[in-house]
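Residue numbers (our numbering): 2 to 86.
Accompanying notes for the structure given below.
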(Lines of atoms letter the chains of each structure in order from A and count residues from 1; the text may use other names and numbers.)
(Lines give C-alpha, C1' and ligand atoms only; values in the text may rest on other atoms or scores of the structure.)
Protein backbone atom coordinates (compact mmCIF):
# COMPACT_ATOMS: atom_id res chain seq x y z
CA UNK A 1 0.00 0.00 0.00
CA UNK A 2 1.37 3.40 -0.99
CA UNK A 3 0.42 6.72 0.50
CA UNK A 4 -1.30 7.64 -2.77
CA UNK A 5 -3.72 4.72 -2.39
CA UNK A 6 -4.41 5.25 1.32
CA UNK A 7 -7.87 6.56 2.22
CA UNK A 8 -7.99 10.27 3.02
CA UNK A 9 -9.46 9.57 6.47
CA UNK A 10 -6.49 7.35 7.32
CA UNK A 11 -3.99 9.97 6.17
CA UNK A 12 -5.77 12.66 8.20
CA UNK A 13 -5.82 10.43 11.30
CA UNK A 14 -2.12 9.64 10.88
CA UNK A 15 -1.27 13.33 10.49
CA UNK A 16 -3.29 14.16 13.61
CA UNK A 17 -1.53 11.42 15.60
CA UNK A 18 1.89 12.66 14.51
CA UNK A 19 0.92 16.20 15.53
CA UNK A 20 -0.06 15.01 19.01
CA UNK A 21 3.19 13.04 19.33
CA UNK A 22 5.16 16.15 18.39
CA UNK A 23 3.38 18.09 21.16
CA UNK A 24 4.31 15.39 23.66
CA UNK A 25 7.92 15.34 22.50
CA UNK A 26 8.50 19.08 22.27
CA UNK A 27 6.32 20.79 24.87
CA UNK A 28 6.46 20.83 28.64
CA UNK A 29 3.50 19.15 30.30
CA UNK A 30 1.78 22.45 31.16
CA UNK A 31 1.78 23.46 27.47
CA UNK A 32 0.23 20.26 26.10
CA UNK A 33 -3.46 20.81 25.42
CA UNK A 34 -5.93 18.67 27.37
CA UNK A 35 -7.18 15.52 25.68
CA UNK A 36 -10.73 16.79 25.20
CA UNK A 37 -9.64 19.56 22.82
CA UNK A 38 -7.27 17.58 20.58
CA UNK A 39 -9.86 17.30 17.80
CA UNK A 40 -11.16 20.88 18.06
CA UNK A 41 -9.05 23.12 15.84
CA UNK A 42 -10.46 26.41 17.18
CA UNK A 43 -9.79 25.32 20.77
CA UNK A 44 -6.23 24.25 19.88
CA UNK A 45 -5.62 27.59 18.20
CA UNK A 46 -6.84 29.48 21.27
CA UNK A 47 -4.81 27.16 23.55
CA UNK A 48 -1.55 27.86 21.71
CA UNK A 49 -2.27 31.60 21.56
CA UNK A 50 -2.54 31.46 25.35
CA UNK A 51 0.68 29.40 25.59
CA UNK A 52 2.47 32.02 23.47
CA UNK A 53 1.20 34.85 25.69
CA UNK A 54 2.40 33.00 28.81
CA UNK A 55 5.83 32.35 27.25
CA UNK A 56 6.17 35.98 26.21
CA UNK A 57 5.24 37.13 29.72
CA UNK A 58 7.64 34.69 31.35
CA UNK A 59 10.63 35.12 29.05
CA UNK A 60 10.29 38.76 28.05
CA UNK A 61 8.43 38.41 24.78
CA UNK A 62 11.47 38.46 22.51
CA UNK A 63 10.77 36.60 19.33
CA UNK A 64 13.10 34.94 16.87
CA UNK A 65 11.36 37.01 14.19
CA UNK A 66 12.31 40.26 15.92
CA UNK A 67 15.25 41.70 13.99
CA UNK A 68 15.18 45.14 15.58
CA UNK A 69 18.55 44.61 17.26
CA UNK A 70 20.42 43.07 14.33
CA UNK A 71 23.62 44.80 13.30
CA UNK A 72 25.48 45.00 10.03
CA UNK A 73 28.27 42.50 9.60
CA UNK A 74 31.13 43.53 7.34
CA UNK A 75 32.47 39.99 7.01
CA UNK A 76 29.10 38.72 5.86
CA UNK A 77 28.79 41.59 3.39
CA UNK A 78 32.20 40.66 1.92
CA UNK A 79 31.18 37.00 1.77
CA UNK A 80 27.93 37.91 0.04
CA UNK A 81 29.81 40.03 -2.53
CA UNK A 82 32.12 37.09 -3.24
CA UNK A 83 29.15 34.79 -3.77
CA UNK A 84 27.16 37.11 -6.00
CA UNK A 85 30.10 38.56 -7.85
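Don't be surprised by glycine CBs; every beta carbon is placed ideally from N, CA and C.
Computed from a prediction, not measured in an experiment: that's the story for all the values here.
Between the CA atoms of residue j and residue i - distance to the nearest angstrom
i          : j          : result
residue 27 : residue 3  : 29 Å
residue 12 : residue 61 : 39 Å
residue 74 : residue 86 : 18 Å
residue 57 : residue 36 : 24 Å
residue 72 : residue 59 : 26 Å
residue 10 : residue 48 : 25 Å
residue 16 : residue 52 : 22 Å
residue 77 : residue 83 : 10 Å
residue 54 : residue 34 : 15 Å
Residue j beta carbon less than 9 Å from that of residue i
i         : j          : result
residue 1 : residue 32 : Absent from the structure is residue 1, since the part of the chain shown begins at 2 and ends at 86.
Closer than 9 Å to chain B by CB, residue i
i         : result
residue 9 : Looking at the structure shown, chain B is missing, and only one protein chain is on hand.
Cβ separation of residue i and residue j, assumed to be a contact under 8 Å, to the nearest whole Å
i           : j          : result
residue 116 : residue 29 : A query on residue 116 cannot be resolved here, the shown segment of the chain reaching from 2 to 86 and no further.
I'd like the ranges of any alpha helix (DSSP H) spanning at least 4 consecutive residues and lying wholly in the region 6 to 60. At a cut-off of 4 residues, the continuous stretches assigned as alpha helix (DSSP H) that sit fully inside the region 6 to 60 are 9 to 27, 42 to 60.
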